[in-house]
Amino acid sequence: MDGRMMRSMRLREEESPGSSHTASCLCGSAPCILCSCCPASRNSTVSRLIFTFFLFLGVLVSIIMLSPGVESQLYKLPWVCEEGAGIPTALQGYIDCGSLLGYRAVYRMCFATAAFFFFFTLLMLCVSSSRDPRAAIQNGFWFFKFLIFVGITVGAFYIPDGSFSNIWFYFGVVGSFLFILIQLVLLIDFAHSWNQLWLGKAEERDSRAWYAGLFFFTVLFYSLSITAVALMFIYYTEPSTCHEGKIFISLNLTLCVCVSIAAVLPKVQNAQPNSGLLQASVVTLYTMFVTWLALSSVPEQKCNPHLPTQLGNGTVLAGPEGYQTQWWDAPSIVGLIIFLLCTLFISLRSSDHRQVNSLMQTEECPPMLQATQQQQQQLAACEGPAFDNEQDGVTYSYSFFHFCLVLASLHIMMTLTNWYKPGETQKMISTWTAVWVKICASWAGLLLYLWTLVAPLLMPNRDFS
Numbered sequence: 000m001d002g003r004m005m006r007s008m009r010l011r012e013e014e015s016p017g018s019s020h021t022a023s024c025l026c027g028s029a030p031c032i033l034c035s036c037c038p039a040s041r042n043s044t045v046s047r048l049i050f051t052f053f054l055f056l057g058v059l060v061s062i063i064m065l066s067p068g069v070e071s072q073l074y075k076l077p078w079v080c081e082e083g084a085g086i087p088t089a090l091q092g093y094i095d096c097g098s099l100l101g102y103r104a105v106y107r108m109c110f111a112t113a114a115f116f117f118f119f120t121l122l123m124l125c126v127s128s129s130r131d132p133r134a135a136i137q138n139g140f141w142f143f144k145f146l147i148f149v150g151i152t153v154g155a156f157y158i159p160d161g162s163f164s165n166i167w168f169y170f171g172v173v174g175s176f177l178f179i180l181i182q183l184v185l186l187i188d189f190a191h192s193w194n195q196l197w198l199g200k201a202e203e204r205d206s207r208a209w210y211a212g213l214f215f216f217t218v219l220f221y222s223l224s225i226t227a228v229a230l231m232f233i234y235y236t237e238p239s240t241c242h243e244g245k246i247f248i249s250l251n252l253t254l255c256v257c258v259s260i261a262a263v264l265p266k267v268q269n270a271q272p273n274s275g276l277l278q279a280s281v282v283t284l285y286t287m288f289v290t291w292l293a294l295s296s297v298p299e300q301k302c303n304p305h306l307p308t309q310l311g312n313g314t315v316l317a318g319p320e321g322y323q324t325q326w327w328d329a330p331s332i333v334g335l336i337i338f339l340l341c342t343l344f345i346s347l348r349s350s351d352h353r354q355v356n357s358l359m360q361t362e363e364c365p366p367m368l369q370a371t372q373q374q375q376q377q378l379a380a381c382e383g384p385a386f387d388n389e390q391d392g393v394t395y396s397y398s399f400f401h402f403c404l405v406l407a408s409l410h411i412m413m414t415l416t417n418w419y420k421p422g423e424t425q426k427m428i429s430t431w432t433a434v435w436v437k438i439c440a441s442w443a444g445l446l447l448y449l450w451t452l453v454a455p456l457l458m459p460n461r462d463f464s
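Position one of the sequence shown corresponds to residue 0 (numbering that gives the first Met the number 0), numbered consecutively onward.
Structure below.
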């Protein structure tokens with residue numbers, strides 16, 4: 000009798016495996032997203048990667064809307080942009096096809112992305128473990144999250160143009176300023192980890208090759224920084240004008256030299272053994288990059304080669320109204336690449352690195368939690384591709400992780416639109432606001448790095464390891 004019951008149960012499972020798996024993936028946790036051939040992964044890591052995929056999806060849509068061929072193709076569709084065609088009478092006058100294209104589309108798409116992550120920022124406040132009911136929302140219900148994301152996106156394109164772009168521009172300025180600082184913290188953390196790893200291998204294997212590697216990359220980063228300074232003086236300054244650019248370049252170069260000297264002072268080395276020129280070279284190169292971004296936003300034709308005097312159709316832009324460019328110039332492309340790498344770093348390594356752990360407002364995993372994770376990792380090979388590693392405590396702050404993605408959404412919005420402020424004629428106007436925000440962000444980043452060097456000296460009783 001027992002054998003017949005077992006066979007009947009197996010037949011039922013074989014008859015409807017798809018429906019049960021689909022239901023579990025619609026309402027279940029992150030492991031169902033992975034295939035059986037995927038390596039064992041933490042539930043928290045998989046969730047962060049999927050949320051990052053939502054962000055990258057918004058970035059992809061924004062880039063498509065900025066593509067030159069999209070506008071012409073969209074206007075060829077009579078049911079989209081032809082007046083009165085395919086649009087319900089009740090909605091006529093509210094849909095502007097211009098909002099589906101160009102910078103206006105980027106503003107709306109990034110508004111939807113930021114609103115999506117801000118909702119989860121508020122929802123996930125004070126979640127302490129995966130046993131919290133809200134943790135199931137964080138790590139599951141992906142299909143419904145996608146529907147919410149799409150719904151917010153569609154609603155964003157119905158926002159009346161009015162002053163929306165001008166107001167949202169200032170939100171983007173503040174958010175991007177903060178994300179530039181977060182990028183610097185991530186780069187410092189990466190350089191610290193890199194330095195510790197290669198020094199450890201050099202001591203373990205008693206090989207000078209690892210020291211030579213660190214020396215090579217340190218020299219390379221400083222060489223790139225010096226080259227960047229020379230190129231900025233050549234292309235972004237003029238002998239009789241561009242005084243602001245000359246001051247910004249010279250001042251940031253001087254500050255970078257100061258922090259590099261501070262990084263190798265004997266007292267700093269004794270209090271902070273992990274500090275060195277590799278980290279200082281990374282900070283210097285990133286500071287030069289932010290300075291380059293600032294100079295590329297200067298609204299003066301003589302001081303900014305990215306501001307052409309003519310549009311693509313040959314029309315000359317004259318007067319103080321500003322200049323119009325495309326987002327795929329060199330500073331924007333490099334900024335987009337760095338943005339993608341830093342966002343992936345947040346998603347993949349935020350529970351493994353001390354500095355990022357501190358940034359995410361979490362503590363190191365307690366011994367009990369580490370033991371539980373080790374046991375789960377041993378069982379993962381038999382039970383499935385992903386396992387829950389947060390039953391005794393979260394490995395990162397859910398709320399702060401989503402807040403970082405809010406800032407990332409605002410930063411990519413400013414990057415894709417070249418930090419241009421919308422004008423009354425819907426043209427994007429280069430302003431000094433963008434220049435000063437980026438320069439101040441570079442100064443704040445240098446001060447932040449300098450603080451990490453001198454803090455152990457000023458507060459010797461506190462552990463900064």
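We treat Cβ as the ideally placed atom computed from N, Cα and C, and that holds for glycine.
Worksheet entry | Pairwise C-alpha distance: Cys-125 and Phe-400 | As a position in the sequence shown, residue 400 is number 401, starting the count at 1. As a position in the sequence shown, residue 125 is number 126, starting the count at 1. When the Cα atoms are used, Phe-400 and Cys-125 turn out to be separated by approximately 12 Å.
Discussion item. Out of Ala-104, Tyr-419, Gln-271, Met-412, which one is the CA nearest neighbour of Ser-175?
Written reply: Locating residue 175 in the sequence shown gives position 176, counting from the first residue. For the residues Ala-104, Tyr-419, Gln-271, Met-412, the minimum Cα distance to Ser-175 belongs to Met-412.
Worksheet item: What did DSSP end up calling Glu-299 once you bin it into helix, strand or coil?
Response: Position 300 of the sequence shown, counting from 1, holds the residue named residue 299. Here DSSP, grouped into helix, strand and coil, assigns Glu-299 to coil.
Discussion item. Between Thr-240, Thr-451, Ser-259, Leu-404, which has its C-alpha nearest Phe-110's C-alpha?
Written reply: To locate residue 110, count along the sequence shown from 1; it is residue 111. Ranked by Cα distance from Phe-110, the first of Thr-240, Thr-451, Ser-259, Leu-404 is Leu-404.
Discussion item. Let's see if you can read the secondary structure: which residues bound the alpha helix (DSSP H) around His-191?
Written reply: What you label residue 191 is simply residue 192 of the sequence shown in a count that begins at 1. Taken as a continuous stretch (DSSP letters only), the alpha helix (DSSP H) holding His-191 covers 163-204.
Item to complete: Would you check if the distance between the CB atom of Thr-286 and the CB atom of Leu-254 is smaller than 9 Å?
Response: Residue mapping note: residue 286 aligns to position 287 of the sequence shown, counting from 1. Residue mapping note: residue 254 aligns to position 255 of the sequence shown, counting from 1. Yes.
Practice prompt. Find the nearest neighbour of Ser-162 within the set Gln-195, Gly-154, Arg-107, Ser-127, judged by alpha-carbon distance.
Written response: Here residue 162 refers to the residue found at position 163 of the sequence shown. If we check each option's Cα against that of Ser-162, Arg-107 comes out closest.
Worksheet item: Terminal residues of the continuous alpha helix (DSSP H) containing Gly-101?
Response: Numbered from its first residue, the sequence shown carries residue 101 at position 102. First-last of the alpha helix (DSSP H) with Gly-101: 101-122.
Discussion item. Whole angstroms are fine: how far does the CA of Ala-270 sit from the CA of Pro-459?
Written reply: Sequence index remark: in the sequence shown, residue 459 carries index 460 (1-based). Sequence index remark: in the sequence shown, residue 270 carries index 271 (1-based). Taking C-alpha positions only, Pro-459 is separated from Ala-270 by approximately 8 Å.
Practice prompt. Thinking Thr-394 and Ser-46 are a contact (beta carbons under 8 Å), I'd like their distance in whole angstroms, please.
Written response: Start at 1 with the first residue of the sequence shown, and residue 394 comes out as number 395. Start at 1 with the first residue of the sequence shown, and residue 46 comes out as number 47. About 11 Å separates the two Cβ atoms, so there is no contact after all.
Worksheet item: Going by the beta-carbon positions, is the gap between Leu-284 and Ile-248 smaller than 9 Å?
Response: Reading the sequence shown from its first residue, position 285 is the one you call residue 284. Reading the sequence shown from its first residue, position 249 is the one you call residue 248. Taking 9 Å as the Cβ cut-off, Leu-284 and Ile-248 do not qualify as a contacting pair.
Worksheet entry | Nearest to Trp-193 (by Cα), restricted to the options Ser-206, Gly-212, Arg-204, Ala-229 | Numbered from 1 along the sequence shown, position 194 holds the residue referred to as residue 193. Of Ser-206, Gly-212, Arg-204, Ala-229, the residue nearest in Cα terms is Gly-212.
Item to complete: Determine the direct distance from the alpha carbon of Thr-120 to that of Tyr-497, and round the result to whole angstroms.
Response: Any answer about residue 497 is impossible in this case: the structure gives the chain only from 0 up to 464.
Discussion item. What does the Cβ neighbour count give for Tyr-397, buried or exposed, with the cut at 16 atoms within 10 Å?
Written reply: The sequence position of residue 397 within the sequence shown is 398, counting from 1. Tyr-397 should be labelled buried.
Fill in: Pair within 9 Å by beta-carbon distance, Gln-278 and Ile-187
Along the sequence shown, one-based indexing puts residue 278 at 279. Along the sequence shown, one-based indexing puts residue 187 at 188. Yes, they are a contact pair.
Discussion item. Short of 7 Å in beta carbon distance, which residues of its chain neighbour Val-105, apart from the five on each side in sequence? Order them along the chain.
Written reply: Within the sequence shown, residue 105 is the residue found at index 106, counting from 1. Result list for Val-105: Ser-61, Met-64, Leu-65, Met-412, Leu-415, Thr-416, in chain order.
Worksheet item: So what's Val-405 in DSSP terms, helix, strand or just coil?
Response: On the sequence shown, residue 405 is found 406 positions in, with the first residue counted as 1. Three-state result, Val-405: helix.
Worksheet item: Cα separation between Ala-113 and Thr-432?
Response: By 1-based counting over the sequence shown, the position of residue 113 is 114. By 1-based counting over the sequence shown, the position of residue 432 is 433. Taking the straight line joining both Cα atoms gives about 22 Å.
Fill in: Nonlocal neighbours in the same chain, by C-beta distance under 6 Å from Cys-341, ignoring five residues either side
Within the sequence shown, residue 341 is the residue found at index 342, counting from 1. If we look at Cys-341 and ignore the five residues flanking it on each side, its Cβ neighbours are Gln-182, Leu-185.
Worksheet item: On the premise that Ser-274 lies in contact with Gly-57, defined as a C-beta separation below 8 Å, what is that separation, rounded to the nearest angstrom?
Response: Locating residue 57 in the sequence shown gives position 58, where the first residue counts as 1. Locating residue 274 in the sequence shown gives position 275, where the first residue counts as 1. Contact flag wrong, Cβ pair sits at about 38 Å.
Discussion item. Could you compute how far the alpha carbon of Ser-164 sits from the alpha carbon of Lys-200?
Written reply: The residue labelled residue 164 in the question sits at position 165 within the sequence shown. The residue labelled residue 200 in the question sits at position 201 within the sequence shown. Answer to the nearest angstrom: the Cα atoms are 52 Å apart.
Practice prompt. Going by CA-CA distance only, name the one from Pro-330, Ala-229, Trp-450 that's closest to Lys-437.
Written response: Here residue 437 corresponds to residue number 438 of the sequence shown, with the count starting at 1. Of the candidates Pro-330, Ala-229, Trp-450, the one whose C-alpha sits nearest the C-alpha of Lys-437 is Pro-330.
Fill in: Per-residue burial, Gln-195 [other beta carbons within 10 Å of its own, 16 or more giving buried]
To locate residue 195, count along the sequence shown from 1; it is residue 196. Burial call: exposed.
Discussion item. Using only the alpha-carbon positions, how far apart do Ser-441 and Asn-138 sit?
Written reply: Locating residue 441 in the sequence shown gives position 442, where the first residue counts as 1. Locating residue 138 in the sequence shown gives position 139, where the first residue counts as 1. Asn-138 has its alpha-carbon roughly 36 Å from the corresponding atom of Ser-441.
Discussion item. Just to check my reading of the structure: Phe-189 and Phe-344 have Cβ atoms closer than 8 Å, yes? What is that Cβ distance to the nearest angstrom?
Written reply: To locate residue 189, count along the sequence shown from 1; it is residue 190. To locate residue 344, count along the sequence shown from 1; it is residue 345. About 7 Å; that satisfies the 8 Å criterion.
Worksheet entry | Straight-line gap, Val-434 to His-191 (C-alpha atoms, nearest Å) | One-based indexing of the sequence shown puts residue 434 at position 435. One-based indexing of the sequence shown puts residue 191 at position 192. Val-434 and His-191: Cα-Cα distance of roughly 30 Å.
Worksheet item: How many angstroms separate the CA atom of Ser-474 from the CA atom of Lys-301?
Response: For the chain, the structure presents residues 0 to 464; residue 474 sits outside this window and is missing.
Worksheet entry | Three-way DSSP call (helix, strand, coil) for Leu-446 in this model | Taking the first residue of the sequence shown as position 1, residue 446 is located at position 447. The answer is helix: DSSP assigns Leu-446 an H, G or I state.
Practice prompt. Ignore the nearest five residues each way along the sequence and tell me which others in Pro-272's own chain have a CB closer than 8 Å to its CB.
Written response: Taking the first residue of the sequence shown as 1, we reach residue 272 at position 273. Shown here for Pro-272: not one same chain residue has a beta carbon closer than 8 Å to its own, the five before and five after excluded.
Item to complete: Please name the residue in Leu-264, Phe-53, Ile-332 whose C-alpha comes closest to that of Ile-151.
Response: In the sequence shown, residue 151 corresponds to position 152, counting from 1. The residue among Leu-264, Phe-53, Ile-332 with its C-alpha nearest the C-alpha of Ile-151 is Phe-53.
Practice prompt. Just the C-alpha distance for Ile-332 and Leu-223, rounded to the nearest angstrom, thanks.
Written response: If you number the sequence shown from 1, residue 332 lands on position 333. If you number the sequence shown from 1, residue 223 lands on position 224. Between Ile-332 and Leu-223, the C-alpha separation is close to 18 Å.
Worksheet item: Cys-255 lies in the alpha helix (DSSP H); which residues open and close that run?
Response: As a first step, residue 255 must be located in the sequence shown, where it is residue number 256. Here the alpha helix (DSSP H) through Cys-255 covers 242-262.
Practice prompt. Can you grab the Cα-Cα spacing for the pair Phe-402 / Thr-240, in whole Å?
Written response: Translated into positions along the sequence shown, residue 402 becomes position 403. Translated into positions along the sequence shown, residue 240 becomes position 241. Between Phe-402 and Thr-240, the alpha-carbon positions lie close to 41 Å from each other.
Worksheet item: For the candidate residues Pro-298, Val-267, Leu-276, Pro-421, whose alpha-carbon lies nearest to that of Leu-457?
Response: As a first step, residue 457 must be located in the sequence shown, where it is residue number 458. It is Val-267.
Discussion item. Can you list, in chain order, the residues of its chain with a C-beta nearer than 7 Å to that of Leu-180? Leave out the 5 residues immediately preceding and following it.
Written reply: Working through the sequence shown from its first residue, we reach residue 180 at position 181. Apart from sequence neighbours up to five positions away, the residues of its chain that approach Leu-180 with a beta-carbon distance below 7 Å are Ala-440, Ala-443, Gly-444, Leu-447, ordered along the chain.
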